[in-house]
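K.L.:
Numbering (my numbering), first residue to last: 1 to 275.
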């Protein structure tokens, strides 16, 4: 039941995650928008949080081992317990990415690599929005535009860190630590899966080559046995060795009494001389 629920709710929760992203980005990118726009975005965020909370509770109720489910889904639980707290509300986006990729973990390496690359882009985008929201009004902050925030997120996730833009608030630095750890982990997963894909290809090629080698060795052994058999059958039989006893002649057939012997056969009877 739990797997069926997760399969049926995967697409709707993905749509809700996109709606959450838009509702989260609009007030940050357009702070001067109409008040009703900000209220609508707030309502959408709460509605998405409620949907994720309901999904978590249903999956918890359907799980055969509930404590094991709680331990294996810490981000989902954290996103439900700490709604709308900066920057922890971004964990709902992370939870959604994990939900979308739940079945991709057992997929081939290329599919998993695509999923992880999408997660990198999503974290970088939302990290940029979060740091812009935190650092825009900071007295000594130097991240004032969306372009600056995206550039900072990119250099932070790749651990390059040029230093031209850096957060100055405590919350911004917490975001930086999260992005650095996420970037190292996700990019490491991409590299590991690409390497695993090449290794699996090499293993398949080695297996095919070993199979061909075994077949060739078996065929070579069979050809050798056939050659030996042909050579044995083609050798002519020589004269009997010296001192060999010749085979005895078969016994003559018994002659019944009164019957002519073999010497009397085909021999004309002698005639008396004439006087």
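Each residue gets a CB set at the ideal place from its N, CA and C atoms; glycine is no exception.
Computed from a predicted structure; not experimentally measured.
1) Given that a residue counts as buried once 16 or more other Cβ atoms are within 10 Å of its Cβ, and exposed if not, what is residue 165?
2) Grouping DSSP H, G and I as helix and E and B as strand, with all else coil, what is residue 182?
3) Going straight from the alpha carbon of residue 205 to that of residue 194, what length do you get?
4) On the CB-based measure, 16 or more other CB atoms within 10 Å of its CB, does residue 1 come out buried or exposed?
5) With H, G and I counted as helix, E and B as strand and the rest as coil, what does DSSP make of residue 193?
6) Using a Cβ-Cβ cutoff of less than 6 Å, which residues in the same chain neighbour residue 149 once the five nearest sequence positions on both sides are dropped?
7) Could you give the residue range of the alpha helix (DSSP H) that holds residue 1?
8) Please state the DSSP three-state secondary structure of residue 18.
9) Near residue 173, what residues of its chain come up, given a Cβ to Cβ distance below 6 Å and the 5 sequence neighbours on each side ignored?
10) Taking the CB atoms as reference points, tell me whether residue 48 and residue 60 lie closer together than 9 Å.
11) Are the beta-carbon atoms belonging to residue 179 and residue 156 less than 9 Å from one another?
12) Please classify residue 12: does DSSP put it in a helix, a strand, or coil?
13) With a threshold of 16 other CB atoms inside 10 Å of the CB of residue 152, please say whether the residue is buried or exposed.
14) Taking 6 Å as the limit between beta carbons, can you name the residues of its chain near residue 208, skipping five residues before and five after?
15) Return the residue from the list 219, 13, 78, 120 that minimises the CA-CA distance to residue 158.
16) Assuming residue 126 and residue 32 are in contact, meaning their beta carbons sit under 8 Å apart, how far apart are those beta carbons, in whole angstroms?
17) Starting from residue 155, trace the alpha helix (DSSP H) in both directions and tell me its first and last residue.
18) What's the call for residue 198, buried or exposed, on a 16-neighbour Cβ count within 10 Å?
19) CA-CA distance, residue 278 and residue 217?
20) Which first and last residues belong to the alpha helix (DSSP H) in which residue 55 is found?
21) Between residue 116 and residue 190, which are expected to be in contact by the criterion C-beta below 8 Å, what is the C-beta distance as a whole number of angstroms?
22) Does the distance from the C-beta atom of residue 279 to that of residue 146 stay below 9 Å?
P.N.:
According to the structure data:
1) buried
2) helix
3) 17 Å
4) Looking at its Cβ environment, which holds fewer than 16 other Cβ atoms inside 10 Å, residue 1 is exposed.
5) helix
6) Around residue 149: 128, 131, 132, 143.
7) Where residue 1 is concerned, there is no enclosing alpha helix (DSSP H), because DSSP gives it neither an H nor an E.
8) The answer is helix: DSSP assigns residue 18 an H, G or I state.
9) 167
10) no
11) yes
12) Residue state, collapsed to three classes: helix.
13) With 16 or more other Cβ atoms inside 10 Å of its own Cβ, residue 152 counts as buried.
14) none
15) Of the listed residues, the one whose Cα sits closest to residue 158 is 120.
16) Not quite, the Cβ-Cβ distance comes to about 21 Å (not below 8 Å), so this is no contact.
17) 146-157
18) Burial call: exposed.
19) Outside the displayed span of the chain (1 to 275) sits residue 278, for which this structure offers no information.
20) 35-62
21) 5 Å
22) Only positions 1 to 275 of the chain appear in this structure, which leaves residue 279 out of reach.
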